[in-house]
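Heads up: the sequence shown is residues -20 to -1, 1 to 147, going by mature numbering (1 follows the signal peptide of the UniProt record, and there is no 0).
C-beta: ideal position from N, C-alpha, C; glycine also.
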Amino acid sequence: MNWIFSFLAAALICSSAAGRQLSIYSTGFGDNAEQIIEQARFYADELNIASGQPLIVMVMLSHNLPDNISGMMVHGENEVLEMRNVMIKLNAALPTDDLNRALAHEMVHVVQYARGDLMRINNTMFRWQGQLIFDSASIPYRQRKWEKEAFSKEEELKKGYKKLISH
Ligand SMILES: [Zn+2]
């Protein structure tokens, strides 16, 4: 896994919580760089993220995602460094409210990954709570268990953040 190092070099701001070994970076958000990190941290706190190994989260604003993709998450592991890393891409075409919801959604996947429930093996194969799902494409998108959880929590998370910043 080399991408994380090149992205780290381009990272704007880092937010680190002592004890939890969770570092969040953002890139591509301009003046909102810090706000995106605070928001991701809020979701991580709300979802009670637990990570045995250091976990690095990079949130990136992408101009290359297809219109129908709000966001995506990819993960990688470095066994030598005993480190895990995650990259979230959010679609730059989204209005703010949808972008915030997409970040909340992807952070649910980050938490699923951090707690060991979700792992993407390849394009179609996933592991969910110890079970291999060989052909995830055969399951309708919103019926996949990890998506059900993400969709069920995204709105409340986003509202929680909105409430926090309105005070
Ligand atoms: Zn999802």
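Between Gly51 and Leu45, the alpha-carbon positions lie close to 8 Å from each other. Of the heavy atoms belonging to ligand 1, at least one sits nearer than 7 Å to the Cβ of Ala130. Taking each of Phe131, Ala24, Asp78 and Tyr141 in turn and checking the Cα distance to Val37, the smallest one comes out for Ala24. Take the alpha-carbon of Leu35 and the one of Ala73: they are about 28 Å apart. The stretch 60 to 77 makes no contact with the stretch 107 to 118; the number of CB pairs closer than 8 Å stays below 3.
Taking 8 Å as the cut-off, the beta carbon of Ala13 is found closer than this to the beta carbon of Ser6. The closest heavy atom of ligand 1 lies 7 Å or more from the beta carbon of Glu135.
Cα atoms of Gln15 and Arg21: separation of roughly 10 Å, rounded to the nearest angstrom. Secondary structure note for Gly8: it is in no beta strand (DSSP E), with a DSSP letter that is neither H nor E. Between Phe9 and Lys139, the alpha-carbon positions lie close to 21 Å from each other. Shown here for Phe131: same chain residues with a beta carbon closer than 8 Å to its own, the five before and five after excluded, namely His85 and Arg122 in chain order.
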